[in-house]
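Chemist: Chains as they are written, first to last, in our numbering: chain A, 1 to 569; chain B, 570 to 1024. Even for Gly, the Cβ is constructed at its ideal location relative to N, Cα and C. Just so it is clear, the structure is predicted and the values come from calculations on it, not from any experiment.
Listed below in structure tokens is the structure:
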């Protein structure tokens, strides 16, 4: 064993990057591998709720207590990722009064600040709430941007010496002499920043310990190591509206159920969700009825949702886990608590620890306990500081600036940029170069995009999650090509690389829109198609597709004239 | 009382009634949430390509940004401030018409501008004072009308205009319009007011062989300019309408609000809107239709009122308001009437006609050309679809003057090439701009109609 233990972390979601940051801050040598870009798995597919714990205050008070504790920590260390929206548990006439009281008592029992307000007061806060909402409990729910949070964790880990490899799939867990000794990893495009078109390769990463933080994919990594990790993935659908109908998190106050939450998220609102167990976290049906049911049910709380434009829907899989002896039938009964599986005790396999279950809100606490466990294993005595040291971007900053004077930006654009960049705003936005708005829907400028390209390479989806560019109502229709040209111009990538990145981005944008093709978003998709087909030859691109068969066209006016006697006479 | 200042009205006590709706009530602008309006926007930018300000000013981000984009990026209950570029919008409202998918752009602009002025602009700033003065033109005009000759002399006294620019930022390039020595309503009262009109209308109906008790009653919204500056337009309206047998009433009224919307003075606009709606709603209830000779006044009442205010009866008034020539074209056989008409050469034989943007938005941009197309001895030539550039008070602001003239360039050019050397338009401030750019006299279609049909 080297003087500094080398730990390989698998999974670039909230848990994996949280573990990587904590390990690196405590002095470990860390390599993190992720098969897609950061947040590729479940983290990138959540509703963005920063739990107050209210949702668990009746059924799972241990989780509720953890949530409120971590809620407070994240407001502090990740302020540029969190919007303090507040939350409501609203009661409709048909919802149980008894449950409402239980919820209130539960919140009190878990030290979650909770106040009861009348239906009228609730509508004053949220004018679009249904007229027959009777009353509500106000709790400190919040909205959190999972992308920004994970990117910040990864950046912090890197600052502390960690190596972060995205687009790197684990193809094998190396077991030698009954002990896990590392990973075999296939890089999609070589190690380092992702560059489309660069030849990848297989790398053997030797490690003193492996942390399996792959959530719903944990079973797959377990299989490679020869251990059984029975994750029970459960899918849930989320639908994104074009604008915010509410500025507060709105929960329905009733026992577990589908379609009971609306979370304001940046410019949009996210409707959630459902809970259906699936076999494979990557291959499960995405069905339209799930979206319809979501919208219909939530329209009972916020009636205008029935007519609201939705820009896309996505599904996420919860990495639920329960010890094999519990055997719940219904996925909604499975605990949301997390489990640390020490494979030495459990399977007599040293060298690997798996973490499963848990919630986004408590990712830091999970990471802390994983790293405590690793420290114990290696006899390292180091304090966890992740609850005290702000993430990059969340150091002291103010969003109240004179955006035009300082950055030459129109007020709402400057405001949004500074909210996204936090304390990094001055470094990124104070540029002497022309800084046009590239994504108009979300107000993202060239400087912000170039900063993201500098962080993540030629992967425009990675640029997207850092900046929100192409995540607004046109879903990339008017900016995907501009983003690609940022790669080609100042980004320094060649045309072929930019084109491959552009294709990937459009493909990803299309994926979510497939489930929103009615009403306004259908018109938007048709307009995007027409624009892309006619101005970018997207319906058949001769550069990366087949050559155009020019012979199939006629030979021009001359040809037409000669083969028709009835012409030109 | 047909016309008066409404300074006794107390804007601090709006009628909120039982159905108080924070989402709709303008006074509480923090709660006025137009974000869902962005749902209809596909970002196609057709609005931007139709914006006359964006065409000449590269720094103006355009109506798409001012409207759906800015609203979507905003947050409620938050100090997200409206960008100051909203003050560069001239409120021509062309974007409303340009939009292929019904985004209510001008409503978003008006609301954002109102919010900008009340949240971001100091009431002690020169810009605010100047804009407030311009927006409340009616107040100054009312004062000037008490001493019209003095006012005319003083307003265009060189040093006074220089001071106006230096102190208030009102351009010294333009000459102030003359105030009439007799206001329209003074004249109207001298004609016997509504009672006199009833009598004359009855005589006309008799002469025309129409039933004496025919249901032909209109309430006239003359607006400020026809009241104080061009009463000849209002008088033409009265004579033409009475010729066709209409009984006219001229109810109590304030400013339509057009210059107030354009300057973000929404409290002022609401104050006058309450007066206008209250007096016209009663008449509409009794079966009157409302008519206006100024296309911006009719535009304000028809579109901006219901979009921006929630006042009892406002939808009825909006639905029953018409532009004055439009109304006659609907109800009378003007074509027939004009076939045998004989127009003397008092006015002119050839007119260079400019359709105001606000007329365009009401679908009226071709009406003068169509109406007078067959009138013997008169030619009316459309000078094209560009904006005149003055947009009410916009072109009066020193810092906007140049933009205003750049926008107007195309119209000036086309007027020069047109046959006529007399202009024609329905909008009083377009008329100012036409005159300023070409030196032509400018007439209202009602004046030509009067010359053609009234004995």
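Would you kindly report the start and end of the unbroken alpha helix (DSSP H) that includes residue 804 of chain B?
Modeler: Residue 804 of chain B -> alpha helix (DSSP H) spans 800-812.
Chemist: Residue 391 of chain A by DSSP, collapsed to three states: which one?
Modeler: Of the three classes helix, strand and coil, the one that applies to residue 391 of chain A here is coil, per DSSP.
Chemist: By the criterion of Cβ-Cβ separation under 8 Å, what are the contact partners of residue 1027 of chain B in chain A?
Modeler: What the structure shows of chain B is the stretch from 570 to 1024, and residue 1027 of chain B is not part of that stretch, so it cannot be assessed.
Chemist: Beta-carbon separation of residue 995 of chain B and residue 864 of chain B under 8 Å?
Modeler: Closer than 8 Å, so yes.
Chemist: Mapping DSSP to helix, strand and coil, what is residue 378 of chain A?
Modeler: Correct three-state label for residue 378 of chain A: helix.
Chemist: Using a C-beta to C-beta distance shorter than 8 Å, which residues of chain B count as neighbours of residue 304 of chain A?
Modeler: What residue 304 of chain A touches in chain B: 605.
Chemist: Alpha carbon to alpha carbon, how far is residue 58 of chain A from residue 386 of chain A?
Modeler: Their Cα atoms are separated by approximately 29 Å.
Chemist: Tell me, please, whether the CB atom of residue 378 of chain A is closer than 8 Å to any CB atom in chain B?
Modeler: Taking Cβ atoms only, chain B never reaches closer than 8 Å to residue 378 of chain A, which makes this a no.
Chemist: What do you get for residue 315 of chain A, buried or exposed, if any count of 16 or more other CB atoms within 10 angstroms of its CB means buried?
Modeler: Counting Cβ neighbours within 10 Å, residue 315 of chain A comes out buried, since at least 16 surround it.
Chemist: Among the residues of its own chain, which have a CB less than 6 Å from the CB of residue 25 of chain A, if the five just before and after it don't count?
Modeler: So the qualifying residues of the chain are 160 and 385.
Chemist: Enumerate in chain order the residues of its own chain whose CB-to-CB distance from residue 663 of chain B is below 6 Å, with the five nearest sequence positions on each side excluded.
Modeler: If we look at residue 663 of chain B and ignore the five residues flanking it on each side, its Cβ neighbours are 619 and 926.
Chemist: For residue 142 of chain A and residue 418 of chain A, I'd like the C-alpha separation in whole angstroms.
Modeler: Near 19 Å, if we compare the C-alpha coordinates of residue 418 of chain A and residue 142 of chain A.
Chemist: Report the CB separation of residue 351 of chain A from residue 463 of chain A in whole angstroms; it is logged as a contact under 8 Å.
Modeler: About 36 Å; that fails the 8 Å criterion.
Chemist: Could you tell me whether any Cβ in chain B is nearer than 8 Å to the Cβ of residue 96 of chain A?
Modeler: Not closer than 8 Å to any Cβ of chain B, the Cβ of residue 96 of chain A fails to qualify, so no.
Chemist: Using the beta-carbon of each residue, which ones in chain B are nearer than 8 Å to residue 436 of chain A?
Modeler: Those within 8 Å of residue 436 of chain A in chain B number zero; the least Cβ separation is about 11 Å.
Chemist: Taking only the alpha-carbon atoms, compute the straight-line gap between residue 898 of chain B and residue 987 of chain B and give it to the nearest angstrom.
Modeler: Near 26 Å, if we compare the C-alpha coordinates of residue 987 of chain B and residue 898 of chain B.
Chemist: What does residue 28 of chain A touch in chain B if you count any residue whose Cβ is under 7 Å from its own?
Modeler: The contacting residues do not exist; residue 28 of chain A stays about 41 Å from chain B at best.
Chemist: Using a beta-carbon distance below 8 Å, is residue 92 of chain A in contact with chain B?
Modeler: So, not an interface residue.
Chemist: On the CB-based measure, 16 or more other CB atoms within 10 Å of its CB, does residue 526 of chain A come out buried or exposed?
Modeler: With fewer than 16 other Cβ atoms within 10 Å, it is exposed.
Chemist: Using the Cβ count rule (16 or more neighbours within 10 Å means buried), how would you classify residue 750 of chain B?
Modeler: Exposed.
Chemist: So with CB distances below 7 Å, who are the chain A contacts of residue 686 of chain B?
Modeler: In chain order: nothing, as chain A lies at least about 14 Å away.
Chemist: Would residue 704 of chain B and residue 836 of chain B qualify as a contact pair, given that the criterion is a beta-carbon distance under 8 Å?
Modeler: The answer is no: Cβ separation not under 8 Å.
Chemist: For residue 690 of chain B, which of helix, strand or coil comes out of DSSP?
Modeler: Note: residue 690 of chain B maps to coil in three-state DSSP.
Chemist: Taking just the CA atoms, how far does residue 736 of chain B sit from residue 806 of chain B?
Modeler: Their Cα atoms are separated by approximately 39 Å.
Chemist: Could you tell me the alpha carbon to alpha carbon distance between residue 839 of chain B and residue 932 of chain B, rounded to whole angstroms?
Modeler: If you take the alpha carbons of residue 839 of chain B and residue 932 of chain B, they lie about 26 Å apart.
Chemist: Under 8 Å by Cβ, that's how I've got residue 261 of chain A and residue 47 of chain A pegged, so tell me the actual separation to the nearest angstrom.
Modeler: That pair is a contact at about 7 Å.
Chemist: Within a Cβ cutoff of 7 Å, which residues of the same chain sit near residue 368 of chain A, ignoring the five residues on either side of it in sequence?
Modeler: 22, 384 and 386.
Chemist: Do residue 81 of chain A and residue 149 of chain A have their C-beta atoms closer together than 8 Å?
Modeler: Their beta carbons are under 8 Å apart, which means residue 81 of chain A touches residue 149 of chain A by this criterion.
Chemist: For residue 311 of chain A, does the count of other Cβ atoms within 10 angstroms reach 16, so buried, or fall short, so exposed?
Modeler: Residue 311 of chain A should be labelled buried.
Chemist: Identify every run of the alpha helix (DSSP H) within the region 886-972 of chain B, keeping only runs that are complete inside it and at least 4 residues long; order them along the chain.
Modeler: If we require 4 residues or more, the alpha helix (DSSP H) runs fully inside the region 886-972 of chain B come out as 893-900, 903-908, 926-930 and 936-940.
Chemist: How about residue 212 of chain A and residue 10 of chain A: do their beta carbons lie closer than 8 Å?
Modeler: Their beta carbons are under 8 Å apart, which means residue 212 of chain A touches residue 10 of chain A by this criterion.
Chemist: Express the C-alpha separation of residue 940 of chain B and residue 466 of chain A in angstroms, rounding to a whole number.
Modeler: The straight-line gap from Cα to Cα measures roughly 60 Å.
Chemist: Measuring straight from C-alpha to C-alpha, what distance separates residue 270 of chain A and residue 692 of chain B?
Modeler: Rounded to the nearest angstrom, the two C-alpha atoms are 40 Å apart.
Chemist: CA-CA distance, residue 654 of chain B and residue 639 of chain B?
Modeler: So the two alpha carbons sit approximately 11 Å from each other.
Chemist: Grab me the residues of residue 571 of chain A's own chain with a C-beta within less than 6 Å of its C-beta, minus the 5 sequence neighbours each way, in chain order.
Modeler: With chain A running from 1 to 569 in the structure shown, residue 571 of chain A is simply not present.
Chemist: Three-state secondary structure (DSSP) at residue 649 of chain B?
Modeler: Three-state DSSP puts residue 649 of chain B in coil, outside helix and strand.
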